[in-house]
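Peer 1:
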Amino acid sequence: MSEQPSSPTRRRLLMAAPLVVAGGVGVGFWRMLSGMTRGSFDPHDIHAPALNRPVPDFTLPDQAPGTGFSAADLRGLKAPVLVNYFASWCIPCVAEMPVLNVLKDRLPIWGIAYKDKPEHALGFVQRAGNPYARIAADHDGLAAIDWGVSGVPETFLVGPGGIIRWHTASPITEAMITNTIMPLADSLKS
Amino acid sequence: MNPELGNFALALACCMAAGQAILPLIGASRRDARLMALAPALAVGQMIALITSFACLIHAAITNDFSVQNVAANSAVSKPLLYKITGVWGNHEGSVLLWAMILSICGGAVALFGRNLPSALQARVIAVLGGVAAGFELFCLTTSNPFARVWPAPMDGQGMNPLLQDPGLAFHPPILYTGYVGFAVPFAFAIAALIEGRVDAAWGRWVRPWAVAAWCFLTCGIAMGSWWSYYVLGWGGYWFWDPVENASLIPWLTGTALVHSAIVVEKREALKIWTVLLAIGTFSFSLSGTFLVRSGILNSVHAFANDPARGVFILGLLALVIGGSLLLFAIRAPQLTTGGLFAPVSREGLLVLNNILLCSICAVVLTGTMYPPFMSLLFGKTISVGKPFFDATTIPLAIPLMVFMGFGPMMPWKRAQMWPVLRRLWWAACVTAVALVVATFQMREILPVLATATAVWVICSSVADIAERLRLFRQPLGQSWQRARSLPRAVFGAALAHAGVGIVVLGIAGMSQAAHRIVEVHVGQSEMLAGDSWTLTDVKPAEGPNYTALVATIEVRHNGKLVTTLHPSKRTFASQHQTTTEVAIHTNLMADIYGVLGDKHGDDANPTYVLRLHYNPLAPWMWLGGLIMAFGGALSLSDRRVRVGAPRRAKTVDVVVAQ
Chain A
1 MSEQPSSPTR
11 RRLLMAAPLV
21 VAGGVGVGFW
31 RMLSGMTRGS
41 FDPHDIHAPA
51 LNRPVPDFTL
61 PDQAPGTGFS
71 AADLRGLKAP
81 VLVNYFASWC
91 IPCVAEMPVL
101 NVLKDRLPIW
111 GIAYKDKPEH
121 ALGFVQRAGN
131 PYARIAADHD
141 GLAAIDWGVS
151 GVPETFLVGP
161 GGIIRWHTAS
171 PITEAMITNT
181 IMPLADSLKS
Chain B
1 MNPELGNFAL
11 ALACCMAAGQ
21 AILPLIGASR
31 RDARLMALAP
41 ALAVGQMIAL
51 ITSFACLIHA
61 AITNDFSVQN
71 VAANSAVSKP
81 LLYKITGVWG
91 NHEGSVLLWA
101 MILSICGGAV
111 ALFGRNLPSA
121 LQARVIAVLG
131 GVAAGFELFC
141 LTTSNPFARV
151 WPAPMDGQGM
161 NPLLQDPGLA
171 FHPPILYTGY
181 VGFAVPFAFA
191 IAALIEGRVD
201 AAWGRWVRPW
211 AVAAWCFLTC
221 GIAMGSWWSY
231 YVLGWGGYWF
241 WDPVENASLI
251 PWLTGTALVH
261 SAIVVEKREA
271 LKIWTVLLAI
281 GTFSFSLSGT
291 FLVRSGILNS
301 VHAFANDPAR
311 GVFILGLLAL
321 VIGGSLLLFA
331 IRAPQLTTGG
341 LFAPVSREGL
351 LVLNNILLCS
361 ICAVVLTGTM
371 YPPFMSLLFG
381 KTISVGKPFF
391 DATTIPLAIP
401 LMVFMGFGPM
411 MPWKRAQMWP
421 VLRRLWWAAC
431 VTAVALVVAT
441 FQMREILPVL
451 ATATAVWVIC
461 SSVADIAERL
471 RLFRQPLGQS
481 WQRARSLPRA
491 VFGAALAHAG
501 VGIVVLGIAG
511 MSQAAHRIVE
521 VHVGQSEMLA
531 GDSWTLTDVK
541 PAEGPNYTAL
551 VATIEVRHNG
561 KLVTTLHPSK
571 RTFASQHQTT
581 TEVAIHTNLM
591 ADIYGVLGDK
601 HGDDANPTYV
611 LRLHYNPLAP
621 WMWLGGLIMA
631 FGGALSLSDR
641 RVRVGAPRRA
651 KTVDVVVAQ
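Residue numbers (full-length UniProt numbering), protein chains in the order written: chain A, 1 to 190; chain B, 1 to 659.
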């Protein structure tokens, strides 16, 4: 049934098809890998459920040493703000802190402590240097669900009117700031 | 027993594997008996070297040798002994070594149990296994050496990811890997057959036991993995279509197709080229799964050590193994002779249909898994493919597969008529119709109803198949018993495996009716779910060997009568700053009562606790069904007919059964 005699050329082409498909997929993988080493391709940047939508409704309590904020605060903005989910127990968050501390002079950063004890989050900010203009605490991680956060650190660029313009689920790097965040933030200002 | 010895043994194994890959191939093409005889010797030697190497790594972990980087990064003095051992494969380097060791054991098994194979075929099969092993051992030595040292050695290790500190996950990787790697043997047979340019019934008979064995391990491994995500992650689900889960499902689907199409090669000498391609494809998917998980290309909750440099090495290895074998296939397959013809309505016809449906399911799962990274690569779009896509595409293909599964074993070979088969299945059809009606009233959703009905159909038709063969109730029980004793075990094995599929699907359909609630309660407060009253009676702190815990006590009552007391807990591992939830599950085999302790809110004087309460009907059936499937496979492996050399007697039994 499936092995009816057919012309030799057709048979040859048919038998070579798996090789061609595998070759194509292999080239794709190769480009992904080389893109990952250069930093131009990031498969972990897939989840962006909230992109180009208004920030979800939330009101969060203060997290020392800053004051908390709500969705209304973000929606009332005239200039872009970076919203950064962090936690004291997260190693990549420690790694991105020096970069955030440099960035804070160019762009306001608002932090949300994710599922963290207040004293731990305070200690973390004191040790690592505080890049945050305002800090809120998301103790139970419920606001994070609405934001679509899958883990920390995650960072959102919120434009005027509280619209989420950009999102990453990995630590912020200098390359991201110069290539993506600042150009986007500058274009949103005007 | 020290790390240097382990490293040396690994390097030695790599050299032997390289020799094993080259010398027997030369021997087989020159018909040189002495060179061919090297194959089994080298395979066994390589196996011994790798087992030694692996034992050295375990020894280093048990003795807290933190000068070994891998042990320092993944172990700690305070870790329980069991997890010191199992932690060896709970990380990238160790798991690659485990992979290589299982592959060498496969080669050793072909050397030891394949003595009745023609010597040229055996030499070629072992050579192919040696080539793949050499690649993995080189990978292990160069980019992920588990024996790399650190100086100065730390006083204590960093400990392991607490999520992995679990008995289910401790034994899951070896079983799953045995499944993955086991398909290397059918792959090697396929390559050897392509080199020889000959595939016949005997080839089908040799390949099938290895494929069935690998399939059993893979089935067990997948069932354990899904069970683990059910009770460890605390999400109350069992399958999330996570790329890592799909990476094991894809070779399982093609492996299942392979196990069935090899029957057609064995009995009817048809579907030969297709079977060879399936053997190559199944192992290729196993290898690619490893690659995708370890390179970091796929997004997954099961994050492993992601390193593009390692990805490049594995990609090169894949290009050699998969590209090389598909090239060989493209050149040699057109020369293979095609085999026996058959009518569309026949056992072969249904097996072809089974292959088409299984491969279609495989194709959609593959598409859903690979779509996001490729869309991102080609168009820069970020897309996530989730459960809705997979449910919508796989279930409509799975339902006809199950319907035809019921007919398959009853169909005669070559040419069949539907009517006699249908007549034998009349009572199974009646039970299915009843199930359909009952399920419609109970569930009210179309897909679970269809799934339930087809599952009942598969289970009943498996029973009907056996009953028919035994002439149960149509002749004295003593004679049926006589028939049962002379019936080949493979027949029982196939019926069991099919019934197991039905049981798994019933479990899935039951789980679609699960109820759950997230509540925030004070101690002493009660909540209702699925007719039971759940009361949080107590929350207490507790101490473990390397963690502190908060343990809740929940009493579940039905109409005032105590059903069970659950103790879900939350563990905090100080050394990793990580907390894990320990789910409490009570099962009566018809449903699971499943409780999770969440966060604590409010001040210490008057705290409230978040609880997740689940009522999961038929949940245990999914894993039970998986075990039954694997057991069915094992039973048919124990059939004397699969042992080459005793094929004749089985014929007479078939004649008796057919009368």
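By construction, the Cβ of each residue, glycine as well, lies at the ideal position given by its N, Cα and C atoms.
In this text the structure is predicted, and so the values were computed from the model without any measurement.
If VAL207(B) sits next to PHE189(B), beta carbons under 8 Å apart, how far is it from one beta carbon to the other, in whole angstroms?
Peer 2: 5 Å
Peer 1: Identify every run of the beta strand (DSSP E) within the stretch 51-110 of chain A, keeping only runs that are complete inside it and at least 3 residues long; order them along the chain.
Peer 2: 81-86
Peer 1: My assumption, with CB atoms under 8 Å, is that LEU496(B) sits in contact with ILE628(B). Please give the rounded CB distance.
Peer 2: 6 Å
Peer 1: Please report how far the alpha carbon of ALA270(B) lies from the alpha carbon of PRO344(B), in whole angstroms.
Peer 2: 13 Å
Peer 1: Excluding the 5 residues flanking ALA455(B) on each side, which residues of the same chain have their C-beta closer than 6 Å to its C-beta?
Peer 2: GLY502, VAL505 and LEU506
Peer 1: Going by DSSP in three states, THR652(B) sits in which element: helix, strand or coil?
Peer 2: For THR652(B), the predicted model reports a pLDDT of 32, less than 50, meaning its position is unreliable and no value from the coordinates is stated.
Peer 1: Within the 8 Å Cβ cut-off, does ALA247(B) reach chain A?
Peer 2: no
Peer 1: Taking CB distances under 8 Å as the criterion, tell me whether ASP140(A) reaches chain B.
Peer 2: yes
Peer 1: Would you mind telling me which residues of chain A sit closer than 9 Å to VAL312(B), beta carbon to beta carbon, in chain order?
Peer 2: TRP30, LEU33, SER34 and THR37
Peer 1: Beta-carbon of PRO8(A) versus every beta-carbon of chain B: anything under 8 Å?
Peer 2: yes
Peer 1: Between ILE163(A), MET182(A) and ALA22(A), which lies nearest to VAL55(A) when the distance is taken from Cα to Cα?
Peer 2: ILE163(A)
Peer 1: Would you list, in chain order, the members of the stretch 607-618 of chain B that have their beta-carbon closer than 8 Å to a beta-carbon of chain A?
Peer 2: VAL610
Peer 1: Using CA atoms only, rank isn't needed, just tell me which of LEU487(B), GLY595(B) and LEU318(B) is closest to ALA22(A).
Peer 2: LEU318(B)
Peer 1: Scan the stretch 279-357 of chain B and note each continuous alpha helix (DSSP H) run of 4 residues or more that stays entirely inside, going in chain order.
Peer 2: 308-318 and 324-332
Peer 1: By alpha-carbon positions, which one of VAL431(B), GLN69(B), GLY94(B) and PRO174(B) ends up nearest to PRO152(B)?
Peer 2: GLN69(B)
Peer 1: I need the straight-line Cα distance from ARG56(B) to ARG310(B), nearest angstrom please.
Peer 2: As written in the sequence, residue 56(B) is Cys, which differs from the Arg given in the question. Cα to Cα, the separation comes out at about 24 Å.
Peer 1: Please name the residue in ALA333(B), HIS498(B) and SER288(B) whose C-alpha comes closest to that of VAL463(B).
Peer 2: The shortest C-alpha separation from VAL463(B) is found at HIS498(B).
Peer 1: If you reduce the DSSP assignment to three classes, tell me which class PHE390(B) lands in.
Peer 2: helix
Peer 1: For TYR609(B), which of helix, strand or coil comes out of DSSP?
Peer 2: strand
Peer 1: In angstroms with no decimal places, state the Cα-to-Cα distance between LEU100(A) and GLY255(B).
Peer 2: 49 Å
Peer 1: Leaving out five residues on either side along the sequence, give the residues of the same chain with a beta carbon under 6 Å from the beta carbon of ASN2(B).
Peer 2: There are no such residues.
Peer 1: Can you name, in chain order, every residue of its own chain whose Cβ lies under 6 Å from the Cβ of ASN84(A), other than the five neighbours on each side?
Peer 2: ILE109, GLY111 and THR155
Peer 1: Near THR178(B), what residues of its chain come up, given a Cβ to Cβ distance below 6 Å and the 5 sequence neighbours on each side ignored?
Peer 2: ILE102 and PHE217
Peer 1: With a threshold of 8 Å between beta carbons, is LEU19(A) in contact with chain B?
Peer 2: yes
Peer 1: Any idea if ALA303(B) is buried or exposed, counting beta-carbon neighbours within 10 angstroms, 16 or more meaning buried?
Peer 2: Caution is warranted here: a pLDDT of 47 is assigned to ALA303(B), below 50, making its placement in the model unreliable, and no coordinate value can be reported.
Peer 1: Between GLU196(B) and LEU10(B), is the Cβ-Cβ spacing less than 8 Å?
Peer 2: By the CB criterion at 8 Å, GLU196(B) and LEU10(B) fall outside the cutoff.
Peer 1: Measuring CA to CA, which of VAL212(B), VAL403(B) and MET418(B) is closest to LEU357(B)?
Peer 2: VAL403(B)
Peer 1: Can you find the residues in the same chain that come closer than 8 Å, C-beta to C-beta, to GLY168(B), ignoring five residues on each side of it along the sequence?
Peer 2: MET224, TRP227, TRP228, TYR231 and VAL232
Peer 1: I need the straight-line Cα distance from GLU96(A) to LEU157(A), nearest angstrom please.
Peer 2: 16 Å
Peer 1: List the residues of chain A whose Cβ lies closer than 9 Å to the Cβ of ASP599(B), in chain order.
Peer 2: Neighbourhood of ASP599(B) in chain A, by CB distance below 9 Å: LYS115, HIS139, ASP140 and GLY141, in chain order.
Peer 1: For the putative contact between VAL364(B) and THR393(B), defined by C-beta atoms under 8 Å, what is the C-beta separation to the nearest angstrom?
Peer 2: 4 Å
Peer 1: Using 10 angstroms around the beta-carbon of VAL102(A), count the other beta-carbons present and answer buried if the total reaches 16, otherwise exposed.
Peer 2: The Cβ neighbour count for VAL102(A), taken over all protein chains shown within 10 Å, is under 16; the residue is labelled exposed.
Peer 1: Would you mind working out which of ILE48(B), ARG30(B) and ARG34(B) sits nearest CYS14(B), comparing C-alpha positions?
Peer 2: Residue ILE48(B) is the option with its Cα nearest to CYS14(B).
Peer 1: Suppose you measure from the CA of VAL132(B) to the CA of VAL321(B); what does that come to, to the nearest Å?
Peer 2: 7 Å
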